[in-house]
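Notes follow the structure.
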Amino acid sequence: MLLAFLLLLVPLAVDSKLPPFFLGKINGQTVLNHHLNRHLVTDGASVFDDYPYLQVHNFTQKLDHFDRYNTKTWNQKYFYNPKYSRNNSIIFLMIGGEGPENGRWAAKPEVQYLQWASEFGADVFDLEHRFFGDSWPISDMETSSLQYLTTQQALADLAYFIESMNQKYGFKNPRWVTFGGSYPGSLSAWFRQKYPELTVGSVASSAPVNLKLDFYEYAMVVEDDLKLTDPQCAPAVRDAFTKIQQMSLTAEGRNSLNTYFNLQPPFDAKTTKLDINNFFGNLFNTFQGMTQYTYDGQSNSTHSDKTVRKMCQIMTNATEPNTVKRVENLFLWFNQMEPAGPDLSVMPNSYWDVIAQVGSGNLTVLGEGGAAARGWMWLCCNEIGFLQTTNQGNNAFGTGVPLNLFIDMCTDMFGDSMKIKRIMSGNKLSQNYYGGADFYNATNVVLPNGSLDPWHALGTYKTNDNQNLLPYLINGTAHCGDMYASYDGEPASLPAARAFIKQHVREFIRYNPAVDGPKGSNGSATANR
(Lines of atoms letter the chains of each structure in order from A and count residues from 1; the text may use other names and numbers.)
(Lines give C-alpha, C1' and ligand atoms only; values in the text may rest on other atoms or scores of the structure.)
Protein backbone atom coordinates (compact mmCIF):
# COMPACT_ATOMS: atom_id res chain seq x y z
CA MET A 1 0.00 0.00 0.00
CA LEU A 2 2.89 2.32 0.52
CA LEU A 3 2.85 3.96 -2.85
CA ALA A 4 -0.74 3.09 -3.48
CA PHE A 5 -1.45 6.55 -2.24
CA LEU A 6 -4.92 7.53 -1.19
CA LEU A 7 -6.32 10.98 -1.38
CA LEU A 8 -4.91 13.30 1.26
CA LEU A 9 -7.48 16.03 1.81
CA VAL A 10 -5.50 17.90 4.44
CA PRO A 11 -1.85 18.89 3.89
CA LEU A 12 0.46 16.91 6.12
CA ALA A 13 2.93 19.68 6.87
CA VAL A 14 4.47 22.53 4.95
CA ASP A 15 7.91 20.93 4.90
CA SER A 16 6.78 17.32 4.55
CA LYS A 17 8.40 15.29 1.81
CA LEU A 18 5.55 12.82 1.73
CA PRO A 19 3.50 12.88 -1.46
CA PRO A 20 -0.20 13.81 -1.33
CA PHE A 21 -1.19 10.15 -1.62
CA PHE A 22 0.49 7.73 0.73
CA LEU A 23 0.14 4.20 2.05
CA GLY A 24 -3.40 3.59 0.90
CA LYS A 25 -4.46 5.84 3.78
CA ILE A 26 -4.92 9.49 4.57
CA ASN A 27 -1.70 10.81 6.03
CA GLY A 28 -1.45 11.10 9.77
CA GLN A 29 -4.89 9.83 10.72
CA THR A 30 -7.46 7.19 10.02
CA VAL A 31 -9.81 7.63 7.12
CA LEU A 32 -12.77 8.02 9.45
CA ASN A 33 -11.19 10.55 11.81
CA HIS A 34 -9.94 12.63 8.91
CA HIS A 35 -13.36 13.13 7.46
CA LEU A 36 -15.08 13.85 10.75
CA ASN A 37 -12.35 16.32 11.62
CA ARG A 38 -12.59 18.09 8.30
CA HIS A 39 -16.25 17.99 7.44
CA LEU A 40 -18.39 17.48 10.53
CA VAL A 41 -16.90 19.95 12.98
CA THR A 42 -17.02 23.72 13.33
CA ASP A 43 -13.79 25.23 12.00
CA GLY A 44 -11.40 26.20 14.75
CA ALA A 45 -13.37 24.56 17.54
CA SER A 46 -11.84 21.90 19.74
CA VAL A 47 -13.66 18.65 20.25
CA PHE A 48 -14.36 19.62 23.87
CA ASP A 49 -15.83 22.98 22.84
CA ASP A 50 -18.23 21.22 20.51
CA TYR A 51 -18.99 18.33 22.85
CA PRO A 52 -18.45 19.35 26.50
CA TYR A 53 -19.73 15.99 27.72
CA LEU A 54 -16.80 14.20 26.13
CA GLN A 55 -13.96 13.04 28.41
CA VAL A 56 -10.39 12.08 27.53
CA HIS A 57 -8.29 9.83 29.75
CA ASN A 58 -5.23 7.63 29.77
CA PHE A 59 -5.05 4.20 31.30
CA THR A 60 -2.13 1.94 32.13
CA GLN A 61 -1.66 -0.58 29.34
CA LYS A 62 0.73 -3.52 29.13
CA LEU A 63 3.65 -3.32 26.73
CA ASP A 64 3.74 -7.03 25.90
CA HIS A 65 0.68 -9.13 26.60
CA PHE A 66 2.41 -12.36 25.68
CA ASP A 67 5.55 -12.21 27.84
CA ARG A 68 4.64 -12.69 31.47
CA TYR A 69 8.12 -11.58 32.54
CA ASN A 70 7.77 -8.21 30.81
CA THR A 71 6.06 -5.91 33.29
CA LYS A 72 6.58 -2.64 31.41
CA THR A 73 3.53 -0.42 30.94
CA TRP A 74 2.56 2.74 29.06
CA ASN A 75 -0.31 5.25 28.82
CA GLN A 76 -2.97 4.56 26.21
CA LYS A 77 -5.42 7.31 25.33
CA TYR A 78 -9.15 6.82 25.20
CA PHE A 79 -12.28 8.96 24.96
CA TYR A 80 -15.41 8.38 27.02
CA ASN A 81 -18.89 9.68 26.26
CA PRO A 82 -21.38 9.07 29.10
CA LYS A 83 -24.10 11.25 27.54
CA TYR A 84 -26.34 8.40 26.45
CA SER A 85 -25.74 6.07 29.39
CA ARG A 86 -28.74 4.71 31.26
CA ASN A 87 -26.52 2.67 33.58
CA ASN A 88 -27.60 -0.58 31.95
CA SER A 89 -24.09 -1.87 31.22
CA ILE A 90 -24.50 -1.62 27.44
CA ILE A 91 -21.20 -0.31 26.11
CA PHE A 92 -20.17 0.61 22.57
CA LEU A 93 -16.47 0.68 21.73
CA MET A 94 -15.15 2.38 18.61
CA ILE A 95 -11.77 0.89 17.77
CA GLY A 96 -9.03 3.30 16.76
CA GLY A 97 -6.81 2.55 13.81
CA GLU A 98 -3.77 3.71 11.90
CA GLY A 99 -3.75 7.34 13.03
CA PRO A 100 -4.59 9.66 15.92
CA GLU A 101 -7.99 9.50 17.58
CA ASN A 102 -9.47 12.97 18.07
CA GLY A 103 -12.61 11.94 19.96
CA ARG A 104 -15.13 12.91 17.34
CA TRP A 105 -16.16 9.33 16.71
CA ALA A 106 -17.12 9.18 20.35
CA ALA A 107 -19.02 12.45 20.28
CA LYS A 108 -20.62 13.43 16.96
CA PRO A 109 -24.29 12.47 17.44
CA GLU A 110 -25.12 12.22 13.73
CA VAL A 111 -22.93 9.19 13.02
CA GLN A 112 -24.88 5.98 12.92
CA TYR A 113 -23.64 4.02 15.89
CA LEU A 114 -24.02 7.03 18.21
CA GLN A 115 -27.65 7.32 17.15
CA TRP A 116 -28.00 3.72 18.28
CA ALA A 117 -26.10 4.48 21.49
CA SER A 118 -28.68 7.17 22.23
CA GLU A 119 -31.57 4.82 21.55
CA PHE A 120 -30.16 1.89 23.52
CA GLY A 121 -28.68 3.91 26.39
CA ALA A 122 -25.08 2.88 25.81
CA ASP A 123 -21.86 4.19 27.30
CA VAL A 124 -19.40 4.99 24.50
CA PHE A 125 -15.63 4.59 24.35
CA ASP A 126 -13.07 5.26 21.62
CA LEU A 127 -9.63 3.67 22.13
CA GLU A 128 -6.53 4.89 20.31
CA HIS A 129 -4.31 2.26 18.68
CA ARG A 130 -0.81 1.65 20.06
CA PHE A 131 1.97 3.54 18.23
CA PHE A 132 -0.44 6.14 16.80
CA GLY A 133 -1.56 9.56 17.97
CA ASP A 134 -0.62 10.06 21.62
CA SER A 135 -0.43 6.38 22.51
CA TRP A 136 3.25 5.46 22.53
CA PRO A 137 4.42 2.27 24.23
CA ILE A 138 8.00 3.31 23.38
CA SER A 139 9.19 6.82 22.51
CA ASP A 140 10.58 5.92 19.09
CA MET A 141 9.73 3.91 15.99
CA GLU A 142 12.98 2.07 15.47
CA THR A 143 12.59 -1.39 13.99
CA SER A 144 13.48 -2.94 17.34
CA SER A 145 10.60 -1.04 18.98
CA LEU A 146 8.10 -1.91 16.26
CA GLN A 147 8.17 -5.55 17.32
CA TYR A 148 5.41 -4.44 19.71
CA LEU A 149 3.25 -3.08 16.87
CA THR A 150 1.24 -6.11 15.80
CA THR A 151 -2.42 -6.90 15.33
CA GLN A 152 -2.26 -9.48 18.11
CA GLN A 153 -0.89 -6.91 20.58
CA ALA A 154 -3.60 -4.47 19.46
CA LEU A 155 -6.34 -7.05 20.08
CA ALA A 156 -4.89 -7.85 23.49
CA ASP A 157 -4.91 -4.10 24.21
CA LEU A 158 -8.64 -4.10 23.55
CA ALA A 159 -9.17 -7.06 25.86
CA TYR A 160 -7.23 -5.51 28.72
CA PHE A 161 -8.98 -2.18 28.13
CA ILE A 162 -12.43 -3.76 28.40
CA GLU A 163 -11.48 -5.60 31.57
CA SER A 164 -10.04 -2.39 33.05
CA MET A 165 -13.10 -0.29 32.15
CA ASN A 166 -15.44 -2.89 33.60
CA GLN A 167 -13.60 -2.50 36.88
CA LYS A 168 -13.18 1.28 36.75
CA TYR A 169 -16.78 2.10 35.86
CA GLY A 170 -18.42 -0.77 37.71
CA PHE A 171 -20.22 -2.31 34.75
CA LYS A 172 -22.25 -5.30 35.92
CA ASN A 173 -22.84 -8.11 33.45
CA PRO A 174 -21.49 -5.81 30.72
CA ARG A 175 -22.64 -6.10 27.13
CA TRP A 176 -19.88 -4.64 24.97
CA VAL A 177 -20.27 -4.20 21.20
CA THR A 178 -17.22 -3.22 19.14
CA PHE A 179 -17.32 -1.05 16.03
CA GLY A 180 -14.69 -0.25 13.46
CA GLY A 181 -14.28 0.71 9.83
CA SER A 182 -11.52 -0.28 7.39
CA TYR A 183 -8.49 -1.66 9.30
CA PRO A 184 -10.28 -1.06 12.64
CA GLY A 185 -13.14 -3.00 11.08
CA SER A 186 -10.77 -5.92 10.68
CA LEU A 187 -9.77 -5.55 14.33
CA SER A 188 -13.45 -5.52 15.32
CA ALA A 189 -14.05 -8.76 13.41
CA TRP A 190 -10.90 -10.42 14.76
CA PHE A 191 -11.60 -9.33 18.33
CA ARG A 192 -14.96 -11.04 18.27
CA GLN A 193 -13.23 -14.12 16.86
CA LYS A 194 -10.39 -14.25 19.39
CA TYR A 195 -12.01 -12.80 22.56
CA PRO A 196 -15.72 -13.70 22.29
CA GLU A 197 -16.14 -13.84 26.07
CA LEU A 198 -15.59 -10.07 26.40
CA THR A 199 -18.27 -8.83 23.99
CA VAL A 200 -21.75 -9.73 22.82
CA GLY A 201 -21.15 -8.77 19.19
CA SER A 202 -19.34 -6.57 16.72
CA VAL A 203 -19.86 -4.50 13.61
CA ALA A 204 -16.95 -4.64 11.17
CA SER A 205 -17.51 -2.13 8.36
CA SER A 206 -15.48 -2.37 5.15
CA ALA A 207 -13.24 -4.85 6.94
CA PRO A 208 -10.54 -6.54 4.86
CA VAL A 209 -10.14 -9.94 6.50
CA ASN A 210 -8.36 -11.61 3.59
CA LEU A 211 -4.73 -10.66 4.22
CA LYS A 212 -3.48 -10.66 0.65
CA LEU A 213 0.08 -9.53 0.11
CA ASP A 214 -0.39 -8.61 -3.55
CA PHE A 215 -3.72 -6.80 -3.56
CA TYR A 216 -4.10 -6.42 -7.34
CA GLU A 217 -7.88 -6.76 -7.05
CA TYR A 218 -8.03 -3.17 -5.87
CA ALA A 219 -7.21 -1.91 -9.37
CA MET A 220 -9.67 -4.35 -10.89
CA VAL A 221 -12.54 -3.06 -8.75
CA VAL A 222 -11.67 0.56 -9.57
CA GLU A 223 -11.85 -0.32 -13.27
CA ASP A 224 -15.18 -2.08 -12.73
CA ASP A 225 -16.51 1.08 -11.08
CA LEU A 226 -15.39 3.15 -14.06
CA LYS A 227 -17.15 0.77 -16.45
CA LEU A 228 -20.31 0.81 -14.38
CA THR A 229 -20.35 4.61 -14.28
CA ASP A 230 -19.74 5.26 -17.99
CA PRO A 231 -18.89 2.70 -20.70
CA GLN A 232 -16.44 5.17 -22.20
CA CYS A 233 -14.61 5.93 -18.95
CA ALA A 234 -12.41 2.86 -18.48
CA PRO A 235 -11.24 2.88 -22.13
CA ALA A 236 -10.29 6.55 -21.79
CA VAL A 237 -8.32 5.85 -18.62
CA ARG A 238 -6.65 2.84 -20.24
CA ASP A 239 -5.67 4.95 -23.23
CA ALA A 240 -4.18 7.63 -20.99
CA PHE A 241 -2.14 5.19 -18.89
CA THR A 242 -0.94 3.33 -21.99
CA LYS A 243 0.32 6.59 -23.48
CA ILE A 244 1.90 7.72 -20.21
CA GLN A 245 3.66 4.39 -19.85
CA GLN A 246 5.03 4.71 -23.38
CA MET A 247 6.15 8.27 -22.66
CA SER A 248 8.00 7.11 -19.55
CA LEU A 249 10.31 4.98 -21.71
CA THR A 250 12.04 7.83 -23.56
CA ALA A 251 13.83 11.02 -22.55
CA GLU A 252 11.52 13.07 -24.76
CA GLY A 253 8.44 11.45 -23.29
CA ARG A 254 9.65 11.99 -19.72
CA ASN A 255 10.22 15.67 -20.46
CA SER A 256 6.62 15.86 -21.61
CA LEU A 257 5.48 14.22 -18.38
CA ASN A 258 7.51 16.77 -16.43
CA THR A 259 5.48 19.47 -18.15
CA TYR A 260 2.08 17.81 -17.88
CA PHE A 261 2.31 17.08 -14.16
CA ASN A 262 4.95 19.55 -12.93
CA LEU A 263 7.03 16.75 -11.43
CA GLN A 264 9.28 17.80 -8.54
CA PRO A 265 12.02 16.76 -8.89
CA PRO A 266 11.60 16.27 -12.63
CA PHE A 267 12.60 13.18 -14.53
CA ASP A 268 16.15 13.47 -15.85
CA ALA A 269 19.06 11.32 -16.99
CA LYS A 270 19.38 9.85 -13.49
CA THR A 271 15.78 8.66 -13.31
CA THR A 272 15.47 5.07 -12.06
CA LYS A 273 12.86 2.35 -12.24
CA LEU A 274 11.86 3.20 -8.66
CA ASP A 275 11.23 6.80 -9.70
CA ILE A 276 8.99 5.65 -12.54
CA ASN A 277 7.03 3.29 -10.28
CA ASN A 278 6.71 6.06 -7.69
CA PHE A 279 5.24 8.35 -10.34
CA PHE A 280 2.68 5.77 -11.45
CA GLY A 281 1.71 5.20 -7.83
CA ASN A 282 0.82 8.88 -7.55
CA LEU A 283 -1.20 8.81 -10.76
CA PHE A 284 -3.06 5.65 -9.80
CA ASN A 285 -4.09 6.99 -6.46
CA THR A 286 -5.90 9.99 -7.81
CA PHE A 287 -8.32 7.46 -9.22
CA GLN A 288 -8.22 5.37 -6.04
CA GLY A 289 -9.12 8.19 -3.71
CA MET A 290 -12.05 9.45 -5.72
CA THR A 291 -13.40 5.93 -6.22
CA GLN A 292 -12.97 4.68 -2.68
CA TYR A 293 -14.95 7.50 -1.07
CA THR A 294 -17.48 8.08 -3.82
CA TYR A 295 -20.97 8.94 -2.55
CA ASP A 296 -19.90 8.59 1.10
CA GLY A 297 -21.74 10.74 3.64
CA GLN A 298 -18.61 12.63 4.65
CA SER A 299 -19.34 16.03 3.11
CA ASN A 300 -21.20 17.76 0.32
CA SER A 301 -18.21 17.17 -1.96
CA THR A 302 -18.18 13.39 -1.53
CA HIS A 303 -21.95 13.32 -1.96
CA SER A 304 -21.89 14.71 -5.47
CA ASP A 305 -18.57 16.28 -6.52
CA LYS A 306 -15.52 14.19 -5.63
CA THR A 307 -17.12 11.08 -7.04
CA VAL A 308 -16.42 8.47 -9.68
CA ARG A 309 -19.17 10.08 -11.78
CA LYS A 310 -17.40 13.43 -11.85
CA MET A 311 -14.06 11.76 -12.50
CA CYS A 312 -15.51 9.97 -15.50
CA GLN A 313 -17.02 13.19 -16.81
CA ILE A 314 -13.54 14.70 -16.94
CA MET A 315 -11.93 11.58 -18.40
CA THR A 316 -14.54 11.31 -21.20
CA ASN A 317 -14.73 15.01 -22.06
CA ALA A 318 -14.62 14.99 -25.85
CA THR A 319 -13.67 18.67 -26.02
CA GLU A 320 -10.20 17.53 -24.94
CA PRO A 321 -9.08 14.80 -27.36
CA ASN A 322 -5.79 14.09 -25.53
CA THR A 323 -6.48 11.59 -22.74
CA VAL A 324 -3.18 12.41 -21.00
CA LYS A 325 -4.29 16.01 -20.83
CA ARG A 326 -7.55 14.81 -19.30
CA VAL A 327 -5.58 13.22 -16.45
CA GLU A 328 -3.83 16.55 -15.92
CA ASN A 329 -7.22 18.25 -15.97
CA LEU A 330 -8.43 15.84 -13.30
CA PHE A 331 -5.58 16.94 -11.02
CA LEU A 332 -6.28 20.61 -11.70
CA TRP A 333 -10.01 20.16 -11.11
CA PHE A 334 -9.29 18.60 -7.75
CA ASN A 335 -7.18 21.62 -6.85
CA GLN A 336 -10.19 23.84 -7.51
CA MET A 337 -12.40 21.58 -5.40
CA GLU A 338 -9.96 21.52 -2.47
CA PRO A 339 -8.04 24.81 -2.45
CA ALA A 340 -6.91 24.18 1.12
CA GLY A 341 -5.72 20.68 0.30
CA PRO A 342 -2.53 19.43 -1.32
CA ASP A 343 -1.37 21.27 -4.41
CA LEU A 344 -1.81 18.64 -7.10
CA SER A 345 -0.51 21.04 -9.73
CA VAL A 346 2.89 20.06 -8.29
CA MET A 347 3.53 16.33 -7.96
CA PRO A 348 6.17 15.14 -5.47
CA ASN A 349 8.30 12.75 -7.46
CA SER A 350 11.14 11.40 -5.33
CA TYR A 351 11.14 7.87 -4.00
CA TRP A 352 14.16 8.57 -1.81
CA ASP A 353 12.64 11.69 -0.27
CA VAL A 354 9.82 9.50 1.00
CA ILE A 355 12.25 6.92 2.33
CA ALA A 356 14.37 9.62 3.99
CA GLN A 357 11.38 10.84 6.01
CA VAL A 358 9.47 7.66 6.73
CA GLY A 359 12.58 5.52 7.06
CA SER A 360 13.58 7.27 10.27
CA GLY A 361 12.63 5.91 13.67
CA ASN A 362 12.92 9.34 15.28
CA LEU A 363 9.50 10.80 16.12
CA THR A 364 10.70 14.39 15.69
CA VAL A 365 11.98 13.65 12.19
CA LEU A 366 8.87 11.70 11.31
CA GLY A 367 6.27 14.19 12.50
CA GLU A 368 2.71 13.07 13.14
CA GLY A 369 1.93 12.13 9.55
CA GLY A 370 5.24 10.43 8.94
CA ALA A 371 4.90 8.43 12.16
CA ALA A 372 1.44 7.23 11.13
CA ALA A 373 2.75 6.35 7.66
CA ARG A 374 5.68 4.42 9.09
CA GLY A 375 3.45 2.58 11.56
CA TRP A 376 0.98 1.59 8.87
CA MET A 377 3.72 0.47 6.51
CA TRP A 378 5.21 -1.68 9.28
CA LEU A 379 1.87 -3.42 9.76
CA CYS A 380 1.62 -4.02 6.00
CA CYS A 381 5.20 -5.30 5.60
CA ASN A 382 5.27 -7.30 8.80
CA GLU A 383 1.96 -9.11 8.55
CA ILE A 384 -1.18 -7.79 6.87
CA GLY A 385 -0.05 -7.11 3.29
CA PHE A 386 -2.70 -5.08 1.39
CA LEU A 387 -0.06 -3.88 -1.13
CA GLN A 388 -2.07 -2.35 -3.95
CA THR A 389 -0.43 -3.22 -7.25
CA THR A 390 -1.40 -2.82 -10.89
CA ASN A 391 0.80 -5.37 -12.64
CA GLN A 392 -1.43 -8.43 -12.30
CA GLY A 393 -4.03 -8.99 -14.96
CA ASN A 394 -5.29 -6.81 -17.76
CA ASN A 395 -6.40 -3.55 -16.11
CA ALA A 396 -6.78 0.05 -17.20
CA PHE A 397 -3.84 1.26 -15.10
CA GLY A 398 -1.06 -0.68 -16.80
CA THR A 399 1.84 -2.30 -15.00
CA GLY A 400 3.48 0.73 -13.39
CA VAL A 401 2.92 -0.23 -9.72
CA PRO A 402 4.48 -3.69 -9.21
CA LEU A 403 4.78 -5.72 -6.04
CA ASN A 404 8.57 -5.39 -6.16
CA LEU A 405 8.20 -1.65 -5.51
CA PHE A 406 6.65 -2.35 -2.13
CA ILE A 407 9.11 -5.10 -1.26
CA ASP A 408 11.95 -2.64 -1.93
CA MET A 409 10.26 -0.03 0.22
CA CYS A 410 9.78 -2.44 3.11
CA THR A 411 13.49 -3.18 3.03
CA ASP A 412 14.54 0.45 2.56
CA MET A 413 12.36 1.56 5.47
CA PHE A 414 12.99 -1.20 7.98
CA GLY A 415 16.36 -2.67 7.05
CA ASP A 416 17.72 -5.87 5.60
CA SER A 417 15.77 -8.01 8.05
CA MET A 418 12.57 -6.99 6.21
CA LYS A 419 13.08 -8.75 2.89
CA ILE A 420 10.83 -10.83 0.71
CA LYS A 421 11.08 -14.11 2.66
CA ARG A 422 10.19 -12.46 5.96
CA ILE A 423 7.42 -10.40 4.36
CA MET A 424 5.82 -13.46 2.77
CA SER A 425 6.26 -15.57 5.90
CA GLY A 426 4.74 -12.95 8.21
CA ASN A 427 1.79 -12.45 5.90
CA LYS A 428 1.14 -16.18 5.65
CA LEU A 429 1.32 -16.63 9.43
CA SER A 430 -1.27 -13.87 10.01
CA GLN A 431 -3.52 -15.20 7.27
CA ASN A 432 -3.45 -18.63 8.88
CA TYR A 433 -3.96 -17.17 12.36
CA TYR A 434 -7.13 -15.27 11.46
CA GLY A 435 -8.38 -17.64 8.76
CA GLY A 436 -8.70 -15.21 5.87
CA ALA A 437 -11.99 -14.70 4.09
CA ASP A 438 -12.72 -18.41 3.63
CA PHE A 439 -12.10 -19.57 7.18
CA TYR A 440 -13.06 -16.55 9.26
CA ASN A 441 -15.33 -17.86 12.00
CA ALA A 442 -17.07 -15.99 14.80
CA THR A 443 -20.49 -15.36 16.30
CA ASN A 444 -22.59 -12.19 16.35
CA VAL A 445 -20.72 -10.20 13.71
CA VAL A 446 -22.14 -7.95 11.00
CA LEU A 447 -19.70 -7.29 8.16
CA PRO A 448 -21.00 -4.57 5.81
CA ASN A 449 -19.12 -3.74 2.62
CA GLY A 450 -19.81 -1.34 -0.23
CA SER A 451 -19.98 -2.75 -3.75
CA LEU A 452 -18.04 0.22 -5.16
CA ASP A 453 -15.35 0.06 -2.48
CA PRO A 454 -12.19 -1.65 -3.80
CA TRP A 455 -11.60 -3.02 -0.29
CA HIS A 456 -14.74 -5.15 -0.54
CA ALA A 457 -12.66 -7.60 -2.60
CA LEU A 458 -10.93 -8.66 0.64
CA GLY A 459 -14.11 -9.08 2.66
CA THR A 460 -15.82 -12.30 3.71
CA TYR A 461 -19.22 -13.23 2.29
CA LYS A 462 -19.95 -16.55 3.99
CA THR A 463 -23.18 -16.25 5.95
CA ASN A 464 -23.89 -18.49 8.93
CA ASP A 465 -27.29 -17.65 10.37
CA ASN A 466 -26.86 -20.11 13.24
CA GLN A 467 -23.84 -18.13 14.44
CA ASN A 468 -25.14 -14.70 13.44
CA LEU A 469 -22.17 -14.33 11.08
CA LEU A 470 -23.69 -11.78 8.74
CA PRO A 471 -21.90 -10.30 5.72
CA TYR A 472 -23.84 -7.59 3.87
CA LEU A 473 -22.81 -6.16 0.49
CA ILE A 474 -24.36 -2.69 0.08
CA ASN A 475 -25.03 -1.93 -3.56
CA GLY A 476 -23.77 1.39 -4.93
CA THR A 477 -21.83 2.48 -1.85
CA ALA A 478 -18.15 2.84 -1.08
CA HIS A 479 -15.75 2.66 1.87
CA CYS A 480 -17.43 2.69 5.32
CA GLY A 481 -20.51 4.30 3.80
CA ASP A 482 -22.79 2.70 6.40
CA MET A 483 -21.04 4.52 9.27
CA TYR A 484 -21.65 8.14 8.34
CA ALA A 485 -24.62 10.41 8.87
CA SER A 486 -27.50 10.03 6.43
CA TYR A 487 -27.95 12.64 3.71
CA ASP A 488 -30.54 13.51 1.09
CA GLY A 489 -29.84 11.72 -2.16
CA GLU A 490 -27.58 9.07 -0.63
CA PRO A 491 -27.39 5.64 -2.33
CA ALA A 492 -30.80 4.01 -2.14
CA SER A 493 -29.44 0.85 -0.53
CA LEU A 494 -28.03 2.54 2.57
CA PRO A 495 -31.18 2.92 4.73
CA ALA A 496 -32.00 -0.79 4.52
CA ALA A 497 -28.39 -1.72 5.26
CA ARG A 498 -28.27 0.50 8.33
CA ALA A 499 -31.59 -0.91 9.53
CA PHE A 500 -30.18 -4.42 9.13
CA ILE A 501 -27.09 -3.56 11.18
CA LYS A 502 -29.10 -1.79 13.86
CA GLN A 503 -31.52 -4.70 14.22
CA HIS A 504 -28.70 -7.13 14.82
CA VAL A 505 -26.99 -4.81 17.30
CA ARG A 506 -30.32 -4.75 19.11
CA GLU A 507 -30.32 -8.56 19.16
CA PHE A 508 -26.72 -8.68 20.38
CA ILE A 509 -27.40 -6.47 23.39
CA ARG A 510 -30.48 -8.48 24.38
CA TYR A 511 -28.08 -11.26 25.31
CA ASN A 512 -27.49 -11.33 29.08
CA PRO A 513 -24.09 -12.77 30.11
CA ALA A 514 -25.32 -13.42 33.65
CA VAL A 515 -28.09 -15.67 32.35
CA ASP A 516 -26.78 -17.02 29.07
CA GLY A 517 -23.13 -17.55 29.99
CA PRO A 518 -19.99 -16.06 28.50
CA LYS A 519 -20.32 -17.36 24.96
CA GLY A 520 -22.70 -15.03 23.15
CA SER A 521 -25.34 -16.29 20.75
CA ASN A 522 -24.74 -19.86 19.53
CA GLY A 523 -20.99 -19.61 19.86
CA SER A 524 -18.09 -20.93 21.82
CA ALA A 525 -16.56 -19.02 24.67
CA THR A 526 -13.10 -20.20 23.75
CA ALA A 527 -10.91 -19.48 20.78
CA ASN A 528 -7.38 -20.24 19.71
CA ARG A 529 -5.42 -17.13 20.56
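Final position of the sequence shown in the working numbering is 651; the numbers increase by one with none missing.
Ideal Cβ positions, reconstructed from N, Cα and C, are used throughout, including at glycine.
Bear in mind the structure is a predicted one, so any value in this text is a computation, not a measurement.
Residue 324: member of the beta strand (DSSP E) spanning 323 to 327, first to last residue.
Residue 411 and residue 264 have their alpha carbons spaced roughly 30 Å apart. In the structure shown, residue 216 adopts extended strand secondary structure according to DSSP, grouped into three states. Residue environment analysis places residue 390 among the exposed positions, since fewer than 16 neighbouring C-beta atoms fall within 10 angstroms of its C-beta. One alpha carbon belongs to residue 612, the other to residue 305, and they sit about 24 Å apart. If you keep only unbroken beta strand (DSSP E) runs of at least 3 residues inside the region 204 to 264, you get 212 to 217, 245 to 249.
Checking the DSSP bridge columns, you'll see residue 594 partnered with 570.
Residue 580 counts as buried, since at least 16 other C-beta atoms from the protein chains shown sit within 10 angstroms of its C-beta. The alpha helix (DSSP H) runs lying completely inside the region 474 to 551 and spanning 4 residues or more are 485 to 501, 525 to 536, given in chain order. Here residue 175 carries a coil assignment [DSSP, helix/strand/coil].
Exposed is the label assigned to residue 467, since fewer than 16 other Cβ atoms lie within 10 Å of its Cβ.
If you look at residue 375, you'll find it in the alpha helix (DSSP H) that goes 373 to 383. Segment contact: the region 471 to 483 against the region 531 to 545, three or more CB-CB distances shorter than 8 Å; contact assigned. Here the alpha carbons of residue 194 and residue 434 stand approximately 53 Å from one another. Under DSSP, residue 388 shares a beta bridge with no residue. Residue 614 and residue 538 have their C-alpha atoms roughly 50 Å apart.
According to the DSSP assignment, residue 627 belongs to the alpha helix (DSSP H) that extends over 616 to 632. Residue pairing from DSSP places residue 196 in a beta bridge opposite 183.
Residue pairing by DSSP places residue 336 opposite 509 in a beta bridge. Residue range 297 to 303 is occupied by the beta strand (DSSP E) that includes residue 301. In chain order, 184, 187, 188 place their CB closer than 8 Å to the CB of residue 278, counting only its own chain and leaving out the 5 sequence neighbours on each side. Less than 8 Å separates the beta-carbon of residue 429 from that of residue 416.
Around the beta carbon of residue 239, 16 or more other beta carbons lie within 10 angstroms, which makes this residue buried.
Residue pairing by DSSP leaves residue 606 without any beta bridge partner. Setting aside the 5 residues that flank it on each side, residue 280 is surrounded in the same chain by 313, each with a C-beta closer than 6 Å to its C-beta; the list follows chain order. In the structure shown, residue 188 falls within a coil segment according to DSSP collapsed to helix, strand and coil. Rounded to the nearest whole angstrom, the CA to CA distance from residue 357 to residue 364 is 10 Å. Counting along the chain, residue 283 sits inside the alpha helix (DSSP H) bounded by residues 273 to 291. Residues of the same chain with a CB within less than 7 Å of the CB of residue 243, apart from the 5 flanking positions on each side, are 206, 207, 208, 210, 212 in chain order.
Distance from the CA of residue 495 to the CA of residue 436, rounded to the nearest whole angstrom, comes to 31 Å.
As DSSP reads the structure, residue 202 sits in a beta bridge with 177, 247. Nearest to residue 257 by alpha-carbon distance, out of 284, 288, 223, is 223.
In this structure, the beta-carbon distance from residue 418 to residue 602 falls below 8 Å. In chain order, 211 place their CB closer than 6 Å to the CB of residue 294, counting only its own chain and leaving out the 5 sequence neighbours on each side. Less than 8 Å separates the beta-carbon of residue 300 from that of residue 215.
Across the structure, residue 329 and residue 217 are spaced so that their CA atoms are roughly 12 Å apart.
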